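Residue numbers (my numbering): 326 to 474.
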């Protein structure tokens with residue numbers, strides 16, 4: 326019997342874990358867990374404390390220059406790219422056959438966009454929900470519909 330190996334990626338902007346079904350049981354177990362080093366850092370710790378200053382050409386006034394991107398959003402996007410790189414490498418090694426992505430809207434989009442084409446083809450389902458704080462023992466009730474599909 327050919328039984329496919331499915332990885333469930335449960336993520337948000339700073340935490341992710343890969344869970345898979347326990348052999349012969351209707352339960353999940355964590356295979357790997359990732360936590361961003363910058364998840365609880367303040368904005369001033371992620372970049373410069375004060376934005377740069379610019380001088381107005383027609384006067385002596387100076388104005389703060391707004392950063393081009395929110396540093397927390399950039400950090401979350403970088404974290405999604407790190408998870409995607411790991412998944413791409415695991416996909417190339419055929420460590421899984423099917424991939425299910427579970428994350429809130431923005432992290433889900435960032436993660437999916439960062440996956441390469443062969444890994445994206447292995448995505449069988451996605452759920453727009455934050456389940457990172459749900460213990461493995463309780464995941465089955467949240468993923469029952471996906472699991473049956």
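In this text, a Cβ means the ideal position worked out from N, Cα and C, and glycines have one as well. Quick caveat, the model's predicted, so the values are computed rather than measured.
Contact test: residue 426 Cβ vs the ligand MG heavy atom, cutoff 6 angstroms: Absent from the structure shown: the ligand MG. Ligands present: none.
Same chain, Cβ closer than 6 angstroms to residue 456, five either side skipped, listed in chain order: Taking the first residue of the chain shown as 1, we reach residue 456 at position 131. For residue 456, where only same-chain residues beyond five positions count, the Cβ hits under 6 angstroms are 335, 427, 467.
Residue 458 versus residue 449: straight-line alpha-carbon distance, rounded: The residue given as residue 458 occupies position 133 in the chain shown. The residue given as residue 449 occupies position 124 in the chain shown. Near 23 angstroms, if we compare the C-alpha coordinates of residue 449 and residue 458.
Residue 359 (DSSP reduced to helix, strand or coil): Counting from 1 along the chain shown, the entry for residue 359 is found at position 34. Here residue 359 sits in strand by DSSP.
Other residues of its chain near residue 343: CB distance less than 6 angstroms, five sequence neighbours each side excluded: Indexing the chain shown from 1 puts residue 343 at position 18. These residues qualify, in order along the chain: 332, 334, 356, 357.
Cβ pair residue 435, residue 405 closer than 7 angstroms: Residue 435 sits at position 110 when you count from the first residue of the chain shown. Residue 405 sits at position 80 when you count from the first residue of the chain shown. Yes, they are a contact pair.
8 angstroms contact criterion, which residue 360 and residue 339 should meet: CB distance rounded: As a working mapping, residue 360 is identified with position 35 in the chain shown. As a working mapping, residue 339 is identified with position 14 in the chain shown. Contact flag correct, Cβ pair sits at about 7 angstroms.
Rounded separation between residue 416 and residue 444 - CA only: As a working note, residue 416 is residue 91 in the chain shown. As a working note, residue 444 is residue 119 in the chain shown. Roughly 6 angstroms separates the two Cα atoms.
DSSP state of residue 457 mapped onto helix, strand, coil: Against the chain shown, residue 457 aligns to sequence position 132. Three-state result, residue 457: coil.
Beta-carbon gap between residue 409 and residue 433 smaller than 7 angstroms: As a working note, residue 409 is residue 84 in the chain shown. As a working note, residue 433 is residue 108 in the chain shown. Going by C-beta atoms, residue 409 is not nearer than 7 angstroms to residue 433.
Reference residue 469; option with closest CA among 348, 353, 429, 423: Position 144 of the chain shown, counting from 1, holds the residue named residue 469. Comparing Cα positions, the closest option is 353.
Helix, strand or coil at residue 346 according to DSSP, with G and I counted as helix: The residue labelled residue 346 in the question sits at position 21 within the chain shown. Three-state result, residue 346: strand.
Extent of the continuous beta strand (DSSP E) run through residue 426: Here residue 426 refers to the residue found at position 101 of the chain shown. Here the beta strand (DSSP E) through residue 426 covers 423 to 428.
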